[in-house]
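Chemist:
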Amino acid sequence: MLWNFCGSWVNWSRSRRLGRALQKSLLGHVTVFPPYLVLFLASSTALEWLQDRYLLLDTLKVSSSEGSNGLVAEVGSVLREKTLPLFVTGGLFWPAVNAANFLLFPSGVGRIVFLNLNGLAWNGYLSWQMAHRRLHGNAATANGDRI
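Read in order, the letters of the sequence shown are residues 18 to 164 in our numbering.
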């Protein structure tokens with residue numbers, strides 16, 4: 018009798034923990050992730066544009082007549098091109114990582130290490146996406162095409 022009660026309590030507790038983990042994961046993905054993604058894309062693009070323009074590293078071949086409109090246009094272009102695909106990819110990656118994090122590590126150092134390792138992998142992926150766009154965008158514009 019006691020075993021049945023304890024067994025059902027453990028199953029209820031696990032399902033409650035899973036539901037709570039999914040709630041926390043969804044809340045973080047809806048509230049924190051979109052501004053972070055837009056800020057990352059905009060700041061990375063702006064820094065690359067300023068680097069090319071003012072440090073004379075001719076990777077984008079920015080003309081001097083573009084002025085700040087060139088920066089705004091470049092940031093807008095990257096946001097239109099990359100935000101939705103990266104949000105979808107992050108929508109697959111982060112909820113799974115956060116749910117696993119909340120289930121596997123109730124609190125403590127393990128949770129921090131797990132999130133930091135996954136954050137490192139995610140930021141590496143974002144950086145690769147930005148470099149991939151930049152490299153292939155330059156090759157295409159050199160041929161007169163636009164990706």
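C-beta atoms are modelled at their ideal positions from N, C-alpha and C, and glycine is treated no differently.
#1: Keeping to the same chain, check which residues put their C-beta closer than 7 angstroms to that of Val-92; ignore five residues upstream and five downstream.
#2: Does any residue of chain D bring its CB to less than 8 angstroms from the CB of Leu-39?
#3: Pick helix, strand or coil for Val-49, following the three-state DSSP scheme.
#4: Does the separation of the CB atoms of Ala-116 and Ala-38 fall below 8 angstroms?
#5: Can you give the beta carbon distance from Pro-123 to His-46, rounded, assuming they're within the 8 angstroms contact cut?
#6: With 16 as the cutoff for other CB atoms within 10 Å, does Leu-54 come out buried or exposed?
#7: Ignore the nearest five residues each way along the sequence and tell me which others in Gly-125's own chain have a CB closer than 8 angstroms to its CB.
Modeler: Taking the coordinates as given:
#1: The residue labelled residue 92 in the question sits at position 75 within the sequence shown. The residues Ala-59, Thr-62 and Ala-63, in chain order, have a CB closer than 7 angstroms to that of Val-92 in the same chain once the five nearest residues on each side in sequence are set aside.
#2: The question asks about chain D, but that chain is absent: this structure has only one protein chain.
#3: The count along the sequence shown starts at 1 and reaches residue 49 at position 32. The three-state secondary structure of Val-49, taken from DSSP, is coil.
#4: Taking the first residue of the sequence shown as 1, we reach residue 116 at position 99. Taking the first residue of the sequence shown as 1, we reach residue 38 at position 21. Yes.
#5: Counting from 1 along the sequence shown, the entry for residue 123 is found at position 106. Counting from 1 along the sequence shown, the entry for residue 46 is found at position 29. At roughly 20 angstroms, the Cβ-Cβ gap does not stay under 8 angstroms, so Pro-123 and His-46 are not in contact.
#6: Indexing the sequence shown from 1 puts residue 54 at position 37. It counts as buried.
#7: Mapped onto the sequence shown, residue 125 falls at position 108. Excluding positions up to five away in sequence, the list is empty.
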